[in-house]
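**Q** Those protein sequence lines, which keep their order, are chains D and B. Numbering-wise, the first sequence is residues 237 to 709 according to this note's numbering. Numbering-wise, the second sequence is residues 59 to 383 according to this note's numbering. Here it is, the structure, as structure tokens.
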Amino acid sequence: MVFNSYTFIIFFALVASIYNLPIPWVWKKRHLLLASYLFYAAWNPPFVLLLWLSTVVDWYVAKWMAASEEERRRRLLLILSLVINLGLLAFFKYAGFLIDTVNFVLGLWSLRLPVAAPSIILPAGISFYTFMTLSYSLDVFYRRTPPCKSFLDYALFLTFFPHLVSGPIVRAAEFTPQLEAPKQATAGQFALGLCLITYGLFEKTVLADYFLASPAEQLFKGEAVPDLLSAWCGILAFAGQIFYDFSGYTTCAIGVAMCFGFTFPENFRFPYAAAGFSDFWQRWHMSLSRWLRDYLYIPLGGNRHGTARLYRNLMLTMLLGGLWHGASWTFVIWGAMHGLFLIAERIVTGHGTRKLPGGGPGRALITVATFVCICFTWVFFRAHSLPQAFAICQGLLGVRPSQADRLLAMPDILRVVLVTTALLATHWVLRDTTWIQVFQRLRSTERTLLLALLLAMIVMAPGIDRAFVYFQF
Amino acid sequence: MMRSVLAAPLIAILLLAVLELVLRAHGFATSSTDDINLWCQERDRVSTLGTEGVVLLGTSRMQHGFSLNDFRNRHPKRPICQLAINGSEPAGTLIDIAERTRFRGLVICEFPYSCSARMNDANQIGSIWPEYYHRDWNLNRRVNRRIVSSIQERFVVATPNFGLNGMMKAIVSGRLVSRSGSTADRQIRGDLSVHSASELSDMERRWIDSLHRERREYESRGREAWEGDARAVGGMARKIERRGGRVVFVRFPLSNDFGRESRTAFPKEKFWNPFLQLAGVRGIDAEGNPALNQFNCPDGSHLDFRDAPAFTNALCSELERLGVL
């Protein structure tokens with residue numbers, strides 16, 4: 237089930253209505269848990285068992301780790317959790333990729349594995365809930381957080397439907413305390429939640445799907461070298477599409493959670509206003525970048541063991557971040573590019589001794605340069621093959637213009653230019669605020685008219701049903 | 059905050075109601091979003107069609123040029139199902155019908171001029187959509203699509219016939235013009251007369267660019283691969299025929315520069331004729347058939363909806379002459 241569907245509206249209305257009945261708190265939590273399993277089962281019912289397995293394994297692992305003082309036993313339990321969770325992730329997500337890669341290498345000597353790459357259905361949200369449950373096990377192991385006292389609370393933390401399929405990646409320490417006492421949204425919270433849902437649906441349905449998806453798809457259809465205009469408009473369209481698609485989902489998720497009285501962490505803060513790649517990763521998919529920082533970058537040593545180790549740690553973190561997104565070399569290259577840009581930024585800023593301009597034309601220039609570099613990374617993120625990615629890069633650089641194809645029609649080009657100009661302008665102007673603050677600061681009439689306009693536009697944008705891009709991760 | 063949230067939907071409904079009245083006054087009709095879920099809805103019907111049933115495969119040309127209503131008027135006892143996919147080749151859907159159904163009726167497959175099939179290309183929409191149908195088309199999606207269809211059949215503002223793009227064009231041009239739209243049974247009502255000469259020329263140029271890409275791809279894959287695909291297509295057709303079905307391949311008319319370029323890039327004697335022979339299938343080609351070739355495609359590639367009834371009747375006559383209908 238997706239947020240931008242009529243079935244979700246019916247589901248949400250039913251769940252919220254029952255939740256707001258005068259029933260005991262424990263029954264409300266049970267109701268949310270059941271609703272979350274139903275929400276997940278709407279994708280593919282058998283995979284609820286997988287989710288259940290992850291829940292049960294880490295509940296007991298954390299409980300036994302916290303109860304034991306023996307370091308060796310605690311370490312073994314942690315390894316058990318890592319092996320099971322990462323093993324499941326590896327099987328469902330990476331088995332085909334690993335076999336194809338090994339076969340490619342063996343193929344250099346005309347050899348081949350005796351097994352074919354399996355065709356496996358990827359359970360929705362597995363990358364997200366695996367990271368959540370791993371963060372719980374790791375936090376309990378490092379004694380950063382006590383284990384959950386209630387199985388119901390832990391299961392609900394992992395399974396709560398607003399974040400289940402595409403994040404934000406919530407930490408147990410951020411969410412389980414909210415389950416200790418009865419939670420009910422105030423009228424203001426509920427209204428603000430609905431505002432966020434409306435805006436999130438507008439981002440996804442109107443901006444991502446209706447205006448930008450088609451031009452992006454035109455660019456990534458084949459392996460022809462696009463002409464300069466088609467290449468840039470196509471990649472701008474994708475840059476906008478992936479932002480609005482993912483941000484739209486998370487905004488809806490935060491809004492839905494708010495309607496039940498829960499708070500989720502922010503996941504996007506106008507990332508295309510980023511000045512430099514460090515800034516970008518503090519604005520884009522913030523819950524993932526925090527996870528990678530806390531559970532990968534810092535344990536690897538962070539910046540505490542010299543320059544060479546710092547570069548290695550940055551590169552490893554981004555490579556694994558790329559691989560988390562998808563089982564393909566294009567994602568690995570995407571991660572590597574981000575790693576290189578982060579390293580380059582460290583070098584340019586003298587490892588923090590020289591500060592980037594905080595404002596004015598200097599900052600604007602760096603923001604534009606950052607955005608252009610990000611666009612190049614998006615080529616590899618979206619391309620379905622390396623040849624396609626290289627062909628598009630050639631198009632972006634204007635190489636082989638005589639052999640380039642015009643892939644986009646003028647109306648598409650104009651639409652992309654209009655929407656992405658508005659996107660970049662919005663990000664620049666609102667870079668130090670949030671949409672929650674924007675909605676709260678608007679006057680009542682302004683807010684009413686804005687919401688009415690957004691709703692009307694959502695109805696008038698009956699585009700092709702496109703899955704959320706991040707659902708494939 | 060709650061006042062805004064309660065008032066906003068009411069204002070939105072008022073705005074949309076006014077727009078609905080204005081659009082209907084200007085001759086706009088409802089239309090359906092022709093997406094993967096609508097295709098799946100039609101695909102669901104295949105198992106109910108029986109031996110008298112007809113399944114249409116192909117590209118947007120089939121969706122534009124074949125009038126489902128006129129077919130139903132001519133053959134009221136034959137249920138028909140439109141499974142052609144805009145912007146794709148029919149190979150993937152042909153494999154789906156051959157291997158994953160027990161369909162024993164008539165398959166009419168509109169084929170591109172290149173007669174290329176790319177039988178094992180999992181990236182083609184024609185392969186992706188059937189795969190989605192078997193893997194992801196579940197109760198939730200069925201219910202949601204029914205609700206979407208129901209709303210789109212009733213309200214013009216909720217259909218792709220106008221939409222935000224139409225609004226922007228209307229503001230820029232100062233005119234409200236009803237454009238092409240799909241029906242609930244996936245026919246594209248393509249009114250190509252609303253497009254200006256430069257828009258049609260732009261479209262034709264894109265078809266020609268696409269044609270040149272197809273030709274380059276054919277050259278890079280080689281003749282052997284093309285022949286292999288043709289035999290594989292034949293294999294799929296024979297699978298359907300062995301269980302009592304019939305399969306006919308059709309090439310629709312093309313016009314103007316696009317038609318000329320297509321005939322130059324993929325001449326009949328080197329592509330269509332060898333394809334029929336290698337695949338061992340029956341074919342009807344508009345080129346050289348006066349009854350089918352008399353229609354002009356304003357954008358070079360697609361028939362206008364006004365010509366669809368006459369073209370459909372002419373094609374039905376050919377199919378009846380072949381003995382498959």
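All C-beta atoms, glycine included, are put in the ideal place defined by N, C-alpha and C.
Using 10 angstroms around the beta-carbon of residue 60/B, count the other beta-carbons present and answer buried if the total reaches 16, otherwise exposed.
**A** Indexing the second sequence from 1 puts residue 60/B at position 2. The residue is exposed, with fewer than 16 neighbouring Cβ atoms inside 10 Å.
**Q** Identify, in the order they occur along the chain, each residue of the same chain with its Cβ nearer than 8 angstroms to the Cβ of residue 316/B, setting aside the five sequence neighbours on each side.
**A** Stepping through the second sequence from its first residue, residue 316/B is reached at position 258. 262, 265, 266, 269, 355, 357, 358 and 359.
**Q** Output the distance between the C-alpha atoms of residue 291/D and residue 262/D, rounded to the nearest integer angstrom.
**A** As a working note, residue 291/D is residue 55 in the first sequence. As a working note, residue 262/D is residue 26 in the first sequence. Near 19 angstroms, if we compare the C-alpha coordinates of residue 262/D and residue 291/D.
**Q** What are the boundary residues of the beta strand (DSSP E) that residue 138/B is part of?
**A** The sequence position of residue 138/B within the second sequence is 80, counting from 1. Element bounds for residue 138/B: 138-140.
**Q** Comparing the C-beta of residue 320/B with each C-beta of chain D, is any distance below 8 angstroms?
**A** On the second sequence, residue 320/B is found 262 positions in, with the first residue counted as 1. Taking Cβ atoms only, chain D never reaches closer than 8 angstroms to residue 320/B, which makes this a no.
**Q** Taking Cβ-Cβ distances below 8 angstroms as the criterion, which residues of the stretch 97-109 of chain B are in contact with chain D?
**A** Under the 8 angstroms Cβ criterion, the stretch 97-109 of chain B contributes no residue.
**Q** Less than 6 angstroms between C-beta atoms, sequence neighbours within five positions excluded: which residues of the same chain meet that for residue 164/B?
**A** Numbered from its first residue, the second sequence carries residue 164/B at position 106. So the qualifying residues of the chain are 112, 304 and 382.
**Q** Nearest CA to the CA of residue 599/D: which residue from 624/D, 508/D and 527/D?
**A** For this step, residue 599/D is matched to residue 363 along the first sequence. The shortest C-alpha separation from residue 599/D is found at 508/D.
**Q** Is the beta carbon of residue 611/D sitting closer than 8 angstroms to the one on residue 471/D?
**A** Position 375 of the first sequence holds residue 611/D. Position 235 of the first sequence holds residue 471/D. Closer than 8 angstroms, so yes.
**Q** I think residue 170/B touches residue 189/B, with their Cβ atoms under 8 angstroms apart; what is that distance to the nearest whole Å?
**A** Here residue 170/B refers to the residue found at position 112 of the second sequence. Here residue 189/B refers to the residue found at position 131 of the second sequence. Residue 170/B to residue 189/B, Cβ: 21 angstroms. No contact.
**Q** Given this structure, state the Cα-to-Cα distance separating residue 540/D from residue 529/D, to the nearest angstrom.
**A** As a working note, residue 540/D is residue 304 in the first sequence. As a working note, residue 529/D is residue 293 in the first sequence. Computed Cα separation, rounded: 13 angstroms.
**Q** Does the beta-carbon of residue 311/D have 16 or more other beta-carbons within 10 angstroms, so that it is buried, or is it exposed?
**A** Start at 1 with the first residue of the first sequence, and residue 311/D comes out as number 75. Result: exposed.
**Q** What span of residues does the beta strand (DSSP E) with residue 167/B cover, start to end?
**A** Sequence index remark: in the second sequence, residue 167/B carries index 109 (1-based). 164-168 is the span of the beta strand (DSSP E), which, as asked, contains residue 167/B.
**Q** Going by the DSSP bridge assignment, what does residue 254/B pair with across the sheet?
**A** As a working mapping, residue 254/B is identified with position 196 in the second sequence. In the DSSP output, where bridge partners are listed per residue, residue 254/B has none listed.
**Q** Kindly confirm or deny that the stretch 642-653 of chain D and the stretch 542-553 of chain D touch, where touching means at least three C-beta pairs closer than 8 angstroms.
**A** no
**Q** Mark residue 278/B as exposed unless 16 or more other C-beta atoms lie within 10 angstroms of its C-beta, in which case mark it buried.
**A** In the second sequence, counting from the first residue as 1, residue 278/B sits at position 220. Label assigned to residue 278/B: exposed.
**Q** With residue 343/B as the anchor, note down where its beta strand (DSSP E) starts and where it stops.
**A** Within the second sequence, numbered from 1, the residue matching residue 343/B stands at position 285. In the DSSP annotation of this structure, the continuous segment of the beta strand (DSSP E) that includes residue 343/B starts and ends at 340-343.
**Q** Within 8 angstroms, do at least three Cβ pairs link the stretch 510-530 of chain D to the stretch 266-274 of chain D?
**A** As far as the Cβ criterion goes, the stretch 266-274 of chain D does not touch the stretch 510-530 of chain D, which means the pair count is below three.
**Q** Quick one: which unbroken beta strand (DSSP E) runs of 3-plus residues sit fully inside the stretch 253-326 of chain B? Chain order, please.
**A** Listed in chain order, the complete beta strand (DSSP E) runs (minimum 3 residues) inside the stretch 253-326 of chain B are 304-309.
**Q** For residue 264/D, which residues of its own chain have a beta-carbon under 7 angstroms away from its beta-carbon, when the five flanking residues on both sides are left out?
**A** Numbered from its first residue, the first sequence carries residue 264/D at position 28. Closer than 7 angstroms at the Cβ level, and outside the excluded window around residue 264/D, lie 255.
**Q** If you measure beta-carbon to beta-carbon, which residues of the stretch 240-273 of chain B are closer than 7 angstroms to chain D?
**A** If the cut-off is 7 angstroms between Cβ atoms, the stretch 240-273 of chain B has 260, 264, 267 and 271 near chain D.
**Q** Just checking my contact of residue 616/D with residue 553/D at CB under 8 angstroms: how many whole Å lie between their CB atoms?
**A** Position 380 of the first sequence, counted from the first residue, corresponds to residue 616/D. Position 317 of the first sequence, counted from the first residue, corresponds to residue 553/D. With 8 angstroms as the limit, residue 616/D and residue 553/D do not qualify as a contact, their Cβ atoms being about 17 angstroms apart.
**Q** Considering just the uninterrupted stretch of the beta strand (DSSP E) at residue 212/D, what are its terminal residues?
**A** Residue 212/D lies beyond the range of chain D shown here (237 to 709); nothing can be said about it.
**Q** What residues from chain B crowd round residue 691/D, counting only those whose CB sits closer than 8 angstroms?
**A** Along the first sequence, one-based indexing puts residue 691/D at 455. Neighbours of residue 691/D on chain B, chain order: 66, 67 and 70.
**Q** Counting pairs of beta carbons, one from the stretch 391-407 of chain D and one from the stretch 418-427 of chain D, are three or more of them closer than 8 angstroms?
**A** no
**Q** For residue 684/D and residue 74/B, I'd like the C-alpha separation in whole angstroms.
**A** Numbered from its first residue, the first sequence carries residue 684/D at position 448. Numbered from its first residue, the second sequence carries residue 74/B at position 16. Rounded to the nearest angstrom, the two C-alpha atoms are 16 angstroms apart.
**Q** Anything in chain B within Cβ reach of residue 495/D, meaning under 8 angstroms, just list it in chain order.
**A** Counting from 1 along the first sequence, the entry for residue 495/D is found at position 259. Residues of chain B passing the Cβ test: none, with the nearest at roughly 11 angstroms.
**Q** At which residues does the beta strand (DSSP E) containing residue 112/B begin and terminate?
**A** Residue mapping note: residue 112/B aligns to position 54 of the second sequence, counting from 1. Residue 112/B -> beta strand (DSSP E) spans 112-115.
**Q** What distance in whole Å lies between the Cβ atoms of residue 505/D and residue 670/D, which are believed to be in contact at a cut-off of 8 angstroms?
**A** Looking up residue 670/D in the first sequence gives position 434. Looking up residue 505/D in the first sequence gives position 269. Yes, residue 670/D and residue 505/D are in contact; Cβ-Cβ is about 7 angstroms, under 8 angstroms.
**Q** Given a limit of 9 angstroms on CB to CB distance, which residues of the stretch 355-370 of chain D reach chain B?
**A** Listed by position along the chain: 357.
**Q** Grouping DSSP H, G and I as helix and E and B as strand, with all else coil, what is residue 667/D?
**A** Along the first sequence, read from residue 1 onward, the residue named residue 667/D stands at position 431. The answer is coil: DSSP assigns residue 667/D none of H, G, I, E or B.
**Q** Three-state secondary structure (DSSP) at residue 363/D?
**A** Locating residue 363/D in the first sequence gives position 127, where the first residue counts as 1. Reduced to three states, the DSSP call for residue 363/D is helix.
**Q** Taking the alpha-carbon positions, what's the residue 318/D to residue 407/D distance?
**A** Within the first sequence, the letter at position 82 stands for residue 318/D. Within the first sequence, the letter at position 171 stands for residue 407/D. Near 17 angstroms, if we compare the C-alpha coordinates of residue 407/D and residue 318/D.
**Q** Which residues share a DSSP beta bridge with residue 247/B?
**A** By 1-based counting over the second sequence, the position of residue 247/B is 189. DSSP lists 239/B as partners of residue 247/B.
**Q** What's the gap between the Cα of residue 250/B and the Cα of residue 405/D?
**A** Here the question's residue 250/B lines up with position 192 in the second sequence. Here the question's residue 405/D lines up with position 169 in the first sequence. Taking the straight line from one Cα to the other gives about 49 angstroms.
**Q** Does the count of Cβ pairs from the stretch 326-335 of chain D and the stretch 562-580 of chain D closer than 8 angstroms reach three?
**A** yes
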